[in-house]
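Numbering (this note's numbering), first residue to last: 982 to 1053. Scroll down for the structure; my scribbles are underneath it.
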């Protein structure tokens, strides 16, 4: 398994290759995913993202996770 920084860079690259924007909130979700060895729940990711971005919606987290699932 790659280190968290490498995993994060790979996820960002995949999104950019598909012409998706890397918003600060989306980047925060990806960073949590890259740094977590397990499978964090949506609520857990949501709470962590809201610490830095309090206006982030739960829908943003769901959309980002769905997008990552779709593009692999």
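In this text, a Cβ means the ideal position worked out from N, Cα and C, and glycines have one as well.
Alpha helix (DSSP H) segment containing residue i, residue limits
{"i": "residue 1026", "result": "1023-1033"}
{"i": "residue 1103", "result": "Summary: the structure shown does not reach residue 1103, with the chain confined to residues 982 through 1053, and so no result is reported for it."}
Residue i - DSSP class collapsed to helix/strand/coil
{"i": "residue 1002", "result": "coil"}
{"i": "residue 986", "result": "helix"}
Inter-residue Cα distance where the pair is residue i and residue j
{"i": "residue 1042", "j": "residue 992", "result": "15 Å"}
{"i": "residue 986", "j": "residue 1012", "result": "8 Å"}
{"i": "residue 1047", "j": "residue 995", "result": "14 Å"}
{"i": "residue 1018", "j": "residue 998", "result": "25 Å"}
6 Å CB neighbourhood of residue i in its chain, flanking five on each side removed
{"i": "residue 1000", "result": "none"}
Proximity test, residue i beta-carbon vs the ligand FMN heavy atom, cut-off 7 Å
{"i": "residue 1030", "result": "As for the ligand FMN, it is missing from this structure, which has no ligand bound."}
Cβ separation of residue i and residue j, assumed to be a contact under 8 Å, to the nearest whole Å
{"i": "residue 1034", "j": "residue 1009", "result": "6 Å"}
{"i": "residue 1006", "j": "residue 1023", "result": "Rounded, the Cβ-Cβ distance is 14 Å, inconsistent with contact."}
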